[in-house]
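For the sequence shown, this note's numbering begins at 39 and goes up steadily by one.
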Amino acid sequence: MTTTKTRPAAGSTTPRQKGSTVRSRDRRSALAMVTPTTVIIAVVIIVPIIWNVVLAFQDTSLRTIVDRGLWGSPTLANVEAVLTSPGFWKTLWTTVVYSVASTGGSIALGLVVALAFRRPFRGRGALRAVMLLPYVAPVVAAAFVWKMLLNPQFGLVNAWGTSFLGWDEPMDFLGRAPYALVTVIVFEVWRYFPFAFMFFTARLLALPGDVEEAATVDGAVPTQSFAHVVLPQLVPTIAVLSLLRLIMTFNKFDDVYLLTGGTAGTEVAAVRVYDELTSGLDISAAAANALVLSVVLGIGLTLYIRFFGRKEYDS
Numbered sequence: 039m040t041t042t043k044t045r046p047a048a049g050s051t052t053p054r055q056k057g058s059t060v061r062s063r064d065r066r067s068a069l070a071m072v073t074p075t076t077v078i079i080a081v082v083i084i085v086p087i088i089w090n091v092v093l094a095f096q097d098t099s100l101r102t103i104v105d106r107g108l109w110g111s112p113t114l115a116n117v118e119a120v121l122t123s124p125g126f127w128k129t130l131w132t133t134v135v136y137s138v139a140s141t142g143g144s145i146a147l148g149l150v151v152a153l154a155f156r157r158p159f160r161g162r163g164a165l166r167a168v169m170l171l172p173y174v175a176p177v178v179a180a181a182f183v184w185k186m187l188l189n190p191q192f193g194l195v196n197a198w199g200t201s202f203l204g205w206d207e208p209m210d211f212l213g214r215a216p217y218a219l220v221t222v223i224v225f226e227v228w229r230y231f232p233f234a235f236m237f238f239t240a241r242l243l244a245l246p247g248d249v250e251e252a253a254t255v256d257g258a259v260p261t262q263s264f265a266h267v268v269l270p271q272l273v274p275t276i277a278v279l280s281l282l283r284l285i286m287t288f289n290k291f292d293d294v295y296l297l298t299g300g301t302a303g304t305e306v307a308a309v310r311v312y313d314e315l316t317s318g319l320d321i322s323a324a325a326a327n328a329l330v331l332s333v334v335l336g337i338g339l340t341l342y343i344r345f346f347g348r349k350e351y352d353s
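Here's what the structure looks like:
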């Protein structure tokens, strides 16, 4: 007995061919959707990073770019000059102090404010909105207001200090070390504590209330309930905030530059790169500073994630 195989009619497709056609169409659709984003990331992020690395190992400045073009002589002198410069290490230390202090201060203040607004009371929504003003206000306007308030000649802070607090003379908060560094740190804490406040508010709203109620029934006072019940559940949020704020603050330029211009011991890494480019007109030196600082930041973040991040997430 013989069996005959039926062949598909002309123009018809088998299920396997249909599946292959659908998968091919899906791949083309996915590629079409991803391509614009990929091109934007490549043009805005990847290409500038590669170009910065190339410039860091060339002898190029704004004075020689007309004669030599964008391609200078390959050299390691720029990176060597950065690593052997006392000014670079001083700037790096200032940046670390500024970043760690402002990050810790903004997170601590944001947590305190979030806890204060945790229980319902009349006008809580309006006051929450007010707490966001430092974060949403334009940095130029905020820095201008602070400079006017802290002005040693006609600033309101010095007027109150000399009139009511017994100051012998006005204090130059933005032009004298170490007051200038402390002032820019306080400004950073004030400006970015709403960022932490929003994170903590969202996390506190998601906490189960029955655990705290059980702790209260067992005799725990509010401080014990916070330390043993609430705080452990906030550790992952604190870890994420610390990582984000350290990255953001380490690269901060506008706040410091608008307040002090990097003078009086407030020259942070971003301000130093800007000064190398604008004052010295040295493109390669600025690129080398940026490259070395990026490596330092990458190493620091890797160590943080390795020794602190995993422990905090595991807890």
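For each residue, glycine too, the CB sits at the ideal point set by N, CA and C.
Return yes when the Cβ of residue j is within less than 8 Å of the Cβ of residue i, no when it is not.
| i | j | result |
| --- | --- | --- |
| P208 | P190 | yes |
| A94 | L315 | no |
| D97 | T113 | yes |
| I145 | S263 | no |
| P124 | M169 | no |
What residues in its chain sit with their C-beta under 6 Å from that of residue i, if we drop five residues either side in the sequence?
| i | result |
| --- | --- |
| Y351 | Any reading at Y351 is ruled out, since the residue's pLDDT is 49, under 50, leaving its predicted position unreliable. |
| L187 | G193, L194, V195 |
| A181 | L296, L297 |
| L165 | none |
From residue i to residue j, what does the alpha carbon distance come to, in whole angstroms?
| i | j | result |
| --- | --- | --- |
| W127 | I321 | 20 Å |
| A355 | V135 | Outside the displayed span of the chain (39 to 353) sits residue 355, for which this structure offers no information. |
| R63 | N327 | 47 Å |
| P260 | E250 | 9 Å |
| G163 | L243 | 14 Å |
| R156 | W228 | 20 Å |
| V333 | W89 | 16 Å |
| A197 | W184 | 14 Å |
| I337 | G161 | 45 Å |
| T59 | V72 | 20 Å |
| G303 | V150 | 30 Å |
| Q176 | Y230 | A quick correction: the sequence has Pro, not Gln, at residue 176. Using only the alpha carbons, I get a separation of about 12 Å. |
Taking 8 Å as the limit between beta carbons, can you name the residues of its chain near residue i, skipping five residues before and five after?
| i | result |
| --- | --- |
| M39 | Note on M39: pLDDT 48, under 50, position unreliable in the model; the coordinate value appears next. Nothing meets the Cβ criterion. |
| S67 | none |
| P86 | none |
Counting only the same chain and skipping the five closest in sequence on each side, list residues whose C-beta sits under 7 Å from that of residue i.
| i | result |
| --- | --- |
| F291 | A308, V309, Y312 |
| A152 | F235, F238, T239, L242 |
| S137 | L284, T287, F288 |
| E305 | T129, T132 |
Would you please state the rounded distance, in angstroms, between the beta carbons of residue i and residue j? I believe it to be under 8 Å.
| i | j | result |
| --- | --- | --- |
| G213 | T76 | Not confirmed; about 47 Å, so no contact. |
| A323 | N116 | 6 Å |
#### Entry: Runs of alpha helix (DSSP H) lying entirely within the stretch 224 to 261, each at least 4 residues, in chain order
247 to 255
### Message
Suppose only complete runs of 4+ residues qualify. What are the alpha helix (DSSP H) ranges in the stretch 69 to 150, listed by chain order?
### Response
Listed in chain order, the alpha helix (DSSP H) elements of length 4 or more contained wholly in the stretch 69 to 150 are 85 to 94, 103 to 106, 115 to 121.
### Message
Runs of 4 residues minimum, wholly inside the stretch 276 to 340: which ones carry the alpha helix (DSSP H) assignment?
### Response
292 to 297, 307 to 316
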